[in-house]
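Participant: First the structure, which I've put down as structure tokens, then a few questions once you've had a look.
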Amino acid sequence: MENNSAIDRIPPFNLEAERSVLGSCLLDSEALTAVMEGLSSEDFYDPRHRKAFEVMESMASRNVAVDSLTFRDEIKKQSLEERLGGISFIASLMESVTTTANIEYHIGIVRDKSIHRSLIVVGSDISRLGFSEDIEVDDALETAEQRVFEIARTGKTTNIRSTREVLVSAMADIEKRLAGGLAVTGVPSGFKDFDSMSAGLQPGGLYILAARPSMGKTAFAINIAQYAAMQENIPVLIFSLEMSAEQIVQRMLSSEAKVNLRALFETKRQQNEQWKRLKDAAAAIEKSPVFIDDSSPLNTMELRGRCRRFFAKYGEGRGLIVVDYLQLMHAARRIENRTQEVSEISRTLKSIAREFKVPVLALSQLSRDVEKRDKKKPQLSDLRESGAIEQDADMVIFLYREAYYAQENDTNDATAEVIVAKNRNGPTGKVDLVFFREFARFENGYSSGY
Numbered sequence: 001m002e003n004n005s006a007i008d009r010i011p012p013f014n015l016e017a018e019r020s021v022l023g024s025c026l027l028d029s030e031a032l033t034a035v036m037e038g039l040s041s042e043d044f045y046d047p048r049h050r051k052a053f054e055v056m057e058s059m060a061s062r063n064v065a066v067d068s069l070t071f072r073d074e075i076k077k078q079s080l081e082e083r084l085g086g087i088s089f090i091a092s093l094m095e096s097v098t099t100t101a102n103i104e105y106h107i108g109i110v111r112d113k114s115i116h117r118s119l120i121v122v123g124s125d126i127s128r129l130g131f132s133e134d135i136e137v138d139d140a141l142e143t144a145e146q147r148v149f150e151i152a153r154t155g156k157t158t159n160i161r162s163t164r165e166v167l168v169s170a171m172a173d174i175e176k177r178l179a180g181g182l183a184v185t186g187v188p189s190g191f192k193d194f195d196s197m198s199a200g201l202q203p204g205g206l207y208i209l210a211a212r213p214s215m216g217k218t219a220f221a222i223n224i225a226q227y228a229a230m231q232e233n234i235p236v237l238i239f240s241l242e243m244s245a246e247q248i249v250q251r252m253l254s255s256e257a258k259v260n261l262r263a264l265f266e267t268k269r270q271q272n273e274q275w276k277r278l279k280d281a282a283a284a285i286e287k288s289p290v291f292i293d294d295s296s297p298l299n300t301m302e303l304r305g306r307c308r309r310f311f312a313k314y315g316e317g318r319g320l321i322v323v324d325y326l327q328l329m330h331a332a333r334r335i336e337n338r339t340q341e342v343s344e345i346s347r348t349l350k351s352i353a354r355e356f357k358v359p360v361l362a363l364s365q366l367s368r369d370v371e372k373r374d375k376k377k378p379q380l381s382d383l384r385e386s387g388a389i390e391q392d393a394d395m396v397i398f399l400y401r402e403a404y405y406a407q408e409n410d411t412n413d414a415t416a417e418v419i420v421a422k423n424r425n426g427p428t429g430k431v432d433l434v435f436f437r438e439f440a441r442f443e444n445g446y447s448s449g450y
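So for the sequence shown, this note's numbering puts the first residue at 1; every next one is plus one.
Structure follows, in structure tokens:
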């Protein structure tokens, strides 16, 4: 019988690629820089290659030129010549290089083999976790998931860039804005005045959308998600902790088709025109990259893990995460104080936005203190349970409808105010929208030009 045990099998490696990489370092200083950015000494399988690279890194850190002569002199000083193989070892490195132009490709080979070996080690560690019944299951799952995703992120290039490099993209952004049209560099909401104020929901940003119950915050968030997915083909991941996925999709259908589903259900009449609009809306929504997770309860560890799997499939840097709503979440670890727990949740959401380079739109309840005031427009101090929400947020958005507090007057005022109370990277202010409650749909105000 074939023995498939990882212990009995030779781990993946490519010594020729390792020699070529090291030989390139001795021939070309730019190749050495590329290797130092793309690999660590642990990526080399052969212990001699690992040590040789450590010597080269040490020389470079001391601003010592690295070539065949200086390298040989250095290993003599460190009494490593016999251990590495002396001049014949250096010759074997040099002979492995036909051209340094292929250095990135060879780095990739060495890195890939290293990742495969890491998977073997991590797989063994995860197996041991599985047998360790004294460890909490949630802790074991978190550890296992972190180990695997650490490997997935191995070898990614550094985020350190000079201002000269950043200026290219910064100037391109400025030119794009000056060229006219909507000044939107992030995920657009579809609401012209709001996009002008926010420049779109920016990658890595945490956006808090807060309101009292029944103000329409879920409808507003779904409208933004629909526009991003259906008009811009941006993948959207919605975590709905309050409503089922079916309820979310029904709201999307009602908004897109402009059909009052409640009235339709009450009359139990299938009107041809409305049914056609619903079918057309369903066909459009079906093609859009909207994904809904209605698991509840949900903790921060579970949310991060699901985001990892989602963006591993659809790619980081392009997408939108919606969380409805923040106060229904729980921290991964037990925290007795609810205020501290909400702070932990808020920090995690910000961390997720930065990790996956996408905006996170998190809905939040407001304190009941709003109802006790004569002037009921929300303020930053009304954010419920934690001041950390305001601190972590790049933007705090309040939704306010005067008609909500004037129901006894039977007002038909459909005006809704989107109040940007905090904007880390731009102006604050107010945007007027029109809210069609029967369709769960917001539209641009009449002054916005839409």
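Note that the Cβ used here is the ideal one computed from N, Cα and C, for glycine as well.
According to DSSP, is T98 helix, strand or coil?
Facilitator: Looking at T98 - three-state DSSP - the assignment turns out to be coil, as it is neither helix nor strand.
Participant: Under a three-way DSSP split, which group does I135 fall into?
Facilitator: Three-state result, I135: coil.
Participant: So what does DSSP say about E104, is it helix, strand or coil?
Facilitator: helix
Participant: With a Cβ-Cβ cutoff of 8 Å, do G216 and R401 count as a contact?
Facilitator: yes
Participant: Tell me whether K192 sits in a helix, a strand or coil according to DSSP, three-state version.
Facilitator: If DSSP states are grouped into helix, strand and coil, K192 belongs with the helices.
Participant: Roughly how many whole angstroms lie between the Cα atoms of P427 and A332?
Facilitator: 35 Å
Participant: So, with DSSP's three-state summary, where would you put K422?
Facilitator: Residue state, collapsed to three classes: strand.
Participant: Just to confirm the assignment, what range does the beta strand (DSSP E) spanning K430 have?
Facilitator: 429 to 436
Participant: For the beta strand (DSSP E) containing D362, name the first residue and the last one.
Facilitator: Looking at the sequence shown, residue 362 is not Asp but Ala. Where A362 is concerned, the enclosing beta strand (DSSP E) stretches over 360 to 365.
Participant: How many Å lie between Y227 and I126 at the Cα?
Facilitator: 41 Å
Participant: Please confirm whether G319 and I222 have their CB atoms less than 8 Å apart.
Facilitator: no
Participant: Please name the residue in D73, F13, E286 whose C-alpha comes closest to that of E256.
Facilitator: E286
Participant: Quick one: Cα of I115 to Cα of S24, how far?
Facilitator: 22 Å
Participant: Could you work out which residue in S296, V290, I419 is closest to F310 when comparing CA atoms only?
Facilitator: V290
Participant: Identify which residue in L380, R212, V55, E37 has its Cα closest to the Cα of K77.
Facilitator: V55
Participant: Count the other CB atoms within 10 Å of the CB of L69; is the residue buried (16 or more) or exposed (fewer)?
Facilitator: exposed
Participant: In this structure, does DSSP put R347 in helix, strand or coil?
Facilitator: If DSSP states are grouped into helix, strand and coil, R347 belongs with the helices.
Participant: Per DSSP, what are the beta-bridge partners of A210 in this structure?
Facilitator: S364, F398
Participant: Considering Cα atoms alone, identify which of D369, R338, S367, Q327 is closest to L349.
Facilitator: Q327
Participant: Rounded to the nearest angstrom, how far is the Cβ of G38 from that of R111, given a contact under 8 Å?
Facilitator: 6 Å
Participant: How many whole angstroms separate the CB atoms of V323 and A353, which I take to be in contact at a CB cut-off of 8 Å?
Facilitator: In fact, because the Cβ distance is near 11 Å, the residues do not count as touching under 8 Å.
Participant: Taking the alpha carbon of A101 as the point to measure from, which residue in Q146, V249, A34 has its own alpha carbon closest?
Facilitator: A34
Participant: Count the other CB atoms, across all protein chains shown, that sit within 10 Å of the CB of V58; report buried if there are 16 or more and exposed otherwise.
Facilitator: A quick correction: the sequence has Ser, not Val, at residue 58. Under this definition S58 is an exposed residue.
Participant: Distance check for Y325 and P297, CA to CA, integer angstroms please.
Facilitator: 11 Å
Participant: By a C-beta neighbour count over all protein chains shown, 10 Å radius and 16 as the cutoff for buried, is P188 buried or exposed?
Facilitator: buried
Participant: Residues in the same chain with beta-carbon distance under 6 Å from R441, minus the five sequence neighbours each way, listed in chain order, please.
Facilitator: S255
Participant: Just the C-alpha distance for I103 and E30, rounded to the nearest angstrom, thanks.
Facilitator: 10 Å
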